[in-house]
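Numbering (this note's numbering), first residue to last: 62 to 626. Heads up, the beta-carbon is just placed ideally off N, CA and C, and yes, glycines get one too.
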RNA sequence: CGGGGCGUGGCGCAGCGGUAGCGCACCCGCUUUGGGAGCGGGGGGUCGCAGGUUCAAAUCCUGCCGCCCCGACCA
């Protein structure tokens, strides 16, 4: 390919809209053009990079025995009413009406479509297991698109759906996908961490995220020093410290005038936070609930939401707190049996707490569980933090920022039951099919790769997903000799299957060098008068400040070696 | 959806009541050719949209729209 055919235009000035590194570089290097918030066009070189990612994904998916399909982006709303997600999906499904006033939705994901496809064609255990996948456009009207390609509204996703007869089969399909994902990310040159994750709105019981560690990521993960444990913050567990004392003392009322925060209470009573029972009041789907946790920990709202089974959970407003009969700063579940109470199990690992007295300016001392208060729900609702003990006892957790590039879920029967995707087993019994679903954001993968692979000069992608692996630059193409040599080398490389760009633009060398580094071509070949004297070809790797000079006959081998083909 | 910021040639910005400017990019000519070239000439903007105030609005007022950032939310 020649640069003159590529719409290759780079920007010197950083577009003011872009904050994020990958976003800036994608714009500056001419990979993408923004069309609207969270909606992008791919320019020629960006599209080449994306095509390479798609190709890797396809090859690995096919290799693992998945069948590629293509499901429509535009779908009847009825399909979504069947699963019940027409009303519950967030952000709300984008939709429009056709000429017959029928509502069509723009698919944000394809569990329903995949389930519908499979239930029509699978009726026996003999048809299973099967995994289908597609690389397809989705649309989610995100409340806040951000970071260029990192979080967009219209996006391309590789989504796969597995169908099995039993848990064992599902586990196997799931493991195959995990392995396939590892291969995909490795071939894209990305070092990803696999973490336990919350399954969120998709549903299901087990889920893992593939996270690329990067400071710009909006995912927080906790990982043990030897990486034997890794989980998303939403899911992360830890070993809670035991501070309980042998002697259980008698409860007493103490005056704590204007002492209405944990900090003040700790100072005022001269006690560590682990001697305080902290209560936080939430609104869970309209119901006021009180969550109590030892004050050296904080509530993890995802865990709380899961334990309650609530759809919408938020901190109660101060008015709601008062209406429920609590006094802000002095609340606790003590003598409050009318309000649903959730207790973190850290409370059991302590005793003689100070807790709110549900009376202004007063706290209770030597409060003990379950002597002084009870709860219908007790479990883990604590947020893990850096320095806490890893749940598998492998040291202190470390907190890192990352970008979620893939996510796999064991869905079980949640879709197959409501949508009646059944099969007949060996005994002739009708059973729901067990499902798994598996996603990789294609565009996000490119953005993440740039976040992880760039320097002051620009993008520095691995050869496997760079728009071109080799950039051929002729210095002063007005000179016949240079021009001819360039054409000879260009043909040589093309004929040997090298993915080469010939920068045939009539521009000074400095501009071509800068563009080459900015766009992130891994290997550069330079043809110039200077090199004719030595009768060598100059070749330079993006990651090396020095050039090598080699003979023309060795060029192809040398390049292939350089990019590890 | 809450908070903040910004909309002026393709990009980055200045101008903030009185003839719309600068840098980069673009076009033409000459020179130049190893890290975003030099000189000369040139083209391009209903100043986001709609109202209003004024003799006069890019500039002041009102409303709307768009985009970015933080938060909420989120495969």
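Contact defined as beta carbons within less than 8 Å: I believe residue i pairs with residue j. What is the distance between those atoms, to the nearest angstrom?
i: residue 103; j: residue 111; result: 6 Å
i: residue 293; j: residue 121; result: The pair is not a contact, with the Cβ atoms about 24 Å apart (cut-off 8 Å).
i: residue 318; j: residue 171; result: 59 Å between Cβ atoms; not a contact.
i: residue 499; j: residue 220; result: 7 Å
i: residue 223; j: residue 504; result: Not quite, the Cβ-Cβ distance comes to about 24 Å (not below 8 Å), so this is no contact.
i: residue 277; j: residue 512; result: 5 Å
i: residue 562; j: residue 532; result: 5 Å
i: residue 501; j: residue 466; result: 7 Å
i: residue 209; j: residue 508; result: 6 Å
i: residue 460; j: residue 273; result: Contact flag wrong, Cβ pair sits at about 16 Å.
i: residue 612; j: residue 470; result: Not confirmed; about 54 Å, so no contact.
i: residue 534; j: residue 560; result: Going by Cβ atoms, the distance from residue 534 to residue 560 rounds to 16 Å, so no, they are not a contact pair.
Would you identify the three-state DSSP class for residue i, choosing helix, strand or coil?
i: residue 547; result: helix
i: residue 498; result: strand
i: residue 186; result: helix
i: residue 451; result: coil
i: residue 528; result: coil
i: residue 407; result: helix
i: residue 437; result: coil
i: residue 239; result: helix
i: residue 423; result: strand
i: residue 247; result: helix
i: residue 540; result: coil
Using the C-alpha atoms, what's the distance from residue j back to residue i?
i: residue 521; j: residue 359; result: 40 Å
i: residue 480; j: residue 211; result: 33 Å
i: residue 106; j: residue 577; result: 12 Å
i: residue 287; j: residue 464; result: 20 Å
i: residue 289; j: residue 447; result: 16 Å
i: residue 401; j: residue 388; result: 16 Å
i: residue 410; j: residue 229; result: 37 Å
i: residue 96; j: residue 199; result: 16 Å
i: residue 439; j: residue 285; result: 26 Å
i: residue 129; j: residue 123; result: 8 Å
i: residue 393; j: residue 384; result: 15 Å
i: residue 326; j: residue 405; result: 20 Å
i: residue 226; j: residue 488; result: 13 Å
i: residue 143; j: residue 137; result: 11 Å
i: residue 63; j: residue 572; result: 16 Å
i: residue 309; j: residue 424; result: 18 Å
i: residue 610; j: residue 83; result: 33 Å
i: residue 590; j: residue 543; result: 7 Å
i: residue 419; j: residue 381; result: 15 Å
i: residue 93; j: residue 196; result: 19 Å
i: residue 537; j: residue 125; result: 49 Å
i: residue 374; j: residue 437; result: 18 Å
i: residue 397; j: residue 431; result: 14 Å
i: residue 579; j: residue 530; result: 14 Å
i: residue 213; j: residue 204; result: 10 Å
i: residue 449; j: residue 457; result: 5 Å
i: residue 184; j: residue 175; result: 15 Å
i: residue 492; j: residue 148; result: 27 Å
i: residue 88; j: residue 583; result: 19 Å
i: residue 340; j: residue 454; result: 29 Å
i: residue 427; j: residue 80; result: 51 Å
Would you mind working out which of the options sits nearest residue i, comparing C-alpha positions?
i: residue 603; options: 518, 615, 536, 388; result: 518
i: residue 177; options: 133, 218, 534; result: 133
i: residue 127; options: 189, 94, 169, 76; result: 189
i: residue 207; options: 414, 147, 78; result: 78
i: residue 67; options: 557, 612, 108, 75; result: 108
i: residue 118; options: 250, 233, 352; result: 250
i: residue 315; options: 434, 416, 555; result: 416
i: residue 298; options: 324, 279, 407; result: 407
i: residue 300; options: 413, 443, 160, 164; result: 443
i: residue 585; options: 575, 80, 593; result: 575
i: residue 115; options: 139, 194, 166, 135; result: 194
i: residue 372; options: 70, 76, 87, 146; result: 146
i: residue 348; options: 333, 376, 354, 336; result: 376
i: residue 218; options: 168, 179, 235; result: 168
i: residue 598; options: 237, 606, 588, 605; result: 588
Completely contained beta strand (DSSP E) runs for the region 358 to 404, where each covers 3 or more residues: Runs of the beta strand (DSSP E) lying entirely within the region 358 to 404, each at least 3 residues long, are 374 to 376 in chain order.
Hey, which unbroken runs of the alpha helix (DSSP H) at 4 residues or more fall wholly within the region 250 to 332? You should have 323 to 330.
4 or more residues per run - each alpha helix (DSSP H) lying fully within the region 70 to 95: Secondary structure within the region 70 to 95: the alpha helix (DSSP H) runs of 4 or more consecutive residues, fully enclosed, are 82 to 89 (chain order).
Start-end ranges of the alpha helix (DSSP H) lying completely within the region 459 to 516, minimum 4 residues: Listed in chain order, the complete alpha helix (DSSP H) runs (minimum 4 residues) inside the region 459 to 516 are 475 to 479, 503 to 513.
May I have a chain-ordered list of the beta strand (DSSP E) segments no shorter than 3 residues that lie completely inside the region 118 to 165? DSSP runs (the beta strand (DSSP E)) wholly in the region 118 to 165: 135 to 137, 156 to 158.
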